[in-house]
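For reference, the structure is listed below as structure tokens.
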Amino acid sequence: SGKSRAVDIAPGVVALLRQLRQEQAASGLSPFVFNQAGSPEPMHPQSPTRYMKKFAARYGIPDLHPHKLRHSFASVAITNGADVASVSEKLGHADKSTTLRMYTHADEESVKRTGDIFRQALEAAGNGR
38 SGKSRAVDIA PGVVALLRQL RQEQAASGLS PFVFNQAGSP EPMHPQSPTR YMKKFAARYG
98 IPDLHPHKLR HSFASVAITN GADVASVSEK LGHADKSTTL RMYTHADEES VKRTGDIFRQ
158 ALEAAGNGR
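Numbering follows this note's numbering, in which position 56 of the sequence shown is assigned residue number 93; successive positions increment by one, without gaps.
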């Protein structure tokens with residue numbers, strides 16, 4: 038969609054990226070963090086896709102590509118309790134129904150957790166009398 042989005046990454050990843058950037062700056066190789074091997078030119082946009090394809094073939098992972106990481110993020114976040122509105126915002130969906138349709142599927146644990154939440158709410162309401 039051409040919209041910019043912030044990507045959350047772990048502090049350790051930030052530290053590694055900063056270290057890589059400092060090493061590249063010190064060697065005068067490239068102003069880019071991700072550059073072509075032995076070249077100051079930025080990495081080609083298809084390089085991550087090509088890398089993941091080779092990785093998938095090597096380890097027998099069918100249909101692996103960078104977009105799968107997006108799907109994994111959404112599925113894991115929602116399954117572990119993130120609200121759909123926040124996940125939708127993070128994915129950049131204009132309509133939350135898109136997120137609901139694509140990423141909310143009931144697994145056994147989610148169904149059990151939903152029942153537990155309902156029972157706890159009833160118990161709390163009953164104890165408040």
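The beta carbon of each residue, even a glycine, is placed where N, CA and C say it ideally should be.
Three-state secondary structure assigned by DSSP to residue i
i, result
"GLY66", "Going by the sequence as given, residue 66 is Leu instead of Gly. Looking at LEU66 - three-state DSSP - the assignment turns out to be coil, as it is neither helix nor strand."
"ILE154", "helix"
"ALA43", "coil"
Cβ shell of residue i (< 7 Å), same chain only, five flanking positions each side left out
i, result
"ILE115", "VAL121, VAL124, TYR140, THR141"
"PRO85", "PRO103"
"GLY75", "none"
"SER147", "THR116"
"LEU54", "VAL70"
6 Å Cβ shell around residue i - same chain, five flanking residues per side excluded
i, result
"SER64", "none"
"ALA131", "none"
"LEU101", "MET89, ALA93"
"GLN61", "SER67"
Own chain, CB closer than 8 Å to residue i, minus 5 neighbours either side, in chain order
i, result
"ASN164", "none"
Check: residue i C-beta below 6 Å from any heavy atom of the ligand FMN
i, result
"THR151", "The model depicted lacks the ligand FMN and carries no ligand whatsoever."
Start-end ranges of the alpha helix (DSSP H) lying completely within the segment 72-150, minimum 4 residues
84-96, 103-116, 121-128, 133-140
Stretch pair the segment 146-157 + the segment 67-76: three plus CB contacts closer than 8 Å:
no
Three or more C-beta pairs below 8 Å linking the segment 106-115 and the segment 126-143:
yes
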